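Residues 0 to 167 (numbering that gives the first Met the number 0) are what the sequence shown spells out, left to right.
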Amino acid sequence: MQLENLTDSTKIVLQLRLLPHLLPPKSRIRLSKNQWKPSIPECKDSIIITTTLVANITKVQEDRRKAAAELGITLQPFIIAVGASNDDISDFFVSVDDTLYKISSALKAIDFCFKFFQVFDIEYPVESVHIWLLFQKLLYNYHTNCDKLSPNVTETISDFMAHEANEI
Numbered sequence: 000m001q002l003e004n005l006t007d008s009t010k011i012v013l014q015l016r017l018l019p020h021l022l023p024p025k026s027r028i029r030l031s032k033n034q035w036k037p038s039i040p041e042c043k044d045s046i047i048i049t050t051t052l053v054a055n056i057t058k059v060q061e062d063r064r065k066a067a068a069e070l071g072i073t074l075q076p077f078i079i080a081v082g083a084s085n086d087d088i089s090d091f092f093v094s095v096d097d098t099l100y101k102i103s104s105a106l107k108a109i110d111f112c113f114k115f116f117q118v119f120d121i122e123y124p125v126e127s128v129h130i131w132l133l134f135q136k137l138l139y140n141y142h143t144n145c146d147k148l149s150p151n152v153t154e155t156i157s158d159f160m161a162h163e164a165n166e167i
């Protein structure tokens, strides 16, 4: 995979898929009878899933819905990126319940998802709430009284702000 040959959207997809490795889920989520700690793959899939064919999108949606139901959590909006390979992503969709929105780029898909969460007052996916809070604070500079930042997200935001201050 040659980085210079990748489109901006493909780079963003790869970065989104790598971000949970840099900021893995730390907190345990209390379910009805027990606790659950989301894995890195679960975190990634709650943000963006890649598939090779548009025809696979319905199966991707069904698999996400089934996984959420098994855990007893609500399925939240997520991005589906379609391409022949991980370095050739061509189409982007946002899945909200049974509705699929075609989006023109990876960045616009993130923006659409974020705004959907805000406008309809929907909670971020429990698997990736820390990643969405990071986007909320750093990309959108949006703050609410309900924000519950984990220590690793707070530290990442502080590091980013310190680095940004040094760049100026």
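Using N, Cα and C, we set each Cβ at its ideal position, and we do this for glycine too. As the structure is a prediction and not an experimental result, all values here were calculated from the model.
Close-in-space but distant-in-sequence residues of the same chain around Leu-30 (CB under 8 Å, 5 per side omitted): Along the sequence shown, one-based indexing puts residue 30 at 31. Here the set comprises Leu-70, Gly-71, Ile-72.
Segments assigned alpha helix (DSSP H), at least 4 residues, entirely inside the stretch 10-89: Runs of the alpha helix (DSSP H) inside the stretch 10-89: 39-46, 56-70.
What first and last residue would you give for the alpha helix (DSSP H) that runs through Thr-153? Counting from one through the sequence shown, the residue named residue 153 turns up at place 154. Taken as a continuous stretch (DSSP letters only), the alpha helix (DSSP H) holding Thr-153 covers 150-166.
If we count the other Cβ atoms within 10 Å of its Cβ and call it buried at 16 or more, is Cys-112 buried or exposed? Working through the sequence shown from its first residue, we reach residue 112 at position 113. If you draw a 10 Å sphere on the C-beta of Cys-112, you find 16 or more other C-beta atoms in it, and that means buried.
Please report the straight-line C-alpha distance between Phe-119 and Arg-16, rounded to a whole angstrom. Walking along the sequence shown from the start, residue 119 turns up at place 120. Walking along the sequence shown from the start, residue 16 turns up at place 17. In a straight line, the C-alpha of Phe-119 is about 25 Å away from that of Arg-16.
Residue from His-162, Asp-7, Thr-155 whose Cα sits closest to the Cα of Pro-23: On the sequence shown, residue 23 is found 24 positions in, with the first residue counted as 1. Between Pro-23 and the set His-162, Asp-7, Thr-155, the nearest pair of CA atoms involves Thr-155.
Less than 8 Å between the CB atoms is what I'm expecting for Pro-76 and Val-93, so what's the real figure, rounded? Counting from 1 along the sequence shown, the entry for residue 76 is found at position 77. Counting from 1 along the sequence shown, the entry for residue 93 is found at position 94. Your pair Pro-76 and Val-93 checks out as a contact, with CB atoms roughly 6 Å apart and the cut at 8 Å.
For Ser-104 and Ser-8, believed in contact at Cβ under 8 Å, the rounded distance: Taking the sequence shown and counting its residues from 1, the one referred to as residue 8 is at position 9. Taking the sequence shown and counting its residues from 1, the one referred to as residue 104 is at position 105. Ser-8 to Ser-104, Cβ: 5 Å. Contact.
For Val-109, report the span of its alpha helix (DSSP H) as first-last. Locating residue 109 in the sequence shown gives position 110, where the first residue counts as 1. A quick correction: the sequence has Ile, not Val, at residue 109. The continuous alpha helix (DSSP H) containing Ile-109 extends over residues 105-118.
What are the boundary residues of the beta strand (DSSP E) that Lys-101 is part of? The count along the sequence shown starts at 1 and reaches residue 101 at position 102. Annotation for Lys-101: the continuous beta strand (DSSP E) segment containing it runs 98-102.
Under 7 Å, do Ile-102 and Phe-91 count as touching if we go by C-beta distance? The residue you call residue 102 lines up with position 103 of the sequence shown. The residue you call residue 91 lines up with position 92 of the sequence shown. Their beta carbons are under 7 Å apart, which means Ile-102 touches Phe-91 by this criterion.
Going by other Cβ atoms of all chains shown within 10 Å of its Cβ, with 16 needed for buried, is Cys-145 buried or exposed? The count along the sequence shown starts at 1 and reaches residue 145 at position 146. Counting Cβ neighbours within 10 Å, Cys-145 comes out exposed, since fewer than 16 surround it.
Applying the 10 Å Cβ sphere with the 16-neighbour rule, what's the burial state of Arg-27? Along the sequence shown, read from residue 1 onward, the residue named residue 27 stands at position 28. Exposed is the call here.
Three-state secondary structure (DSSP) of Val-125: Numbered from its first residue, the sequence shown carries residue 125 at position 126. It is coil, neither helix nor strand.
Can you have a look at Leu-18 and say buried or exposed, based on whether 16 or more other CB atoms are within 10 angstroms of its CB? On the sequence shown, position 19 is the one that residue 18 refers to. Result: buried.
Kindly indicate which residue of Glu-163, Asp-158, Phe-159, Glu-126 has the alpha-carbon position closest to the one of Pro-37. Counting from 1 along the sequence shown, the entry for residue 37 is found at position 38. Measuring from the Cα of Pro-37, the nearest candidate turns out to be Glu-126.
Is it buried or exposed, Ser-157, if we count other Cβ atoms within 10 angstroms and call 16 or more buried? Working through the sequence shown from its first residue, we reach residue 157 at position 158. Classification of Ser-157: exposed, given that the 10 Å Cβ count is below 16.
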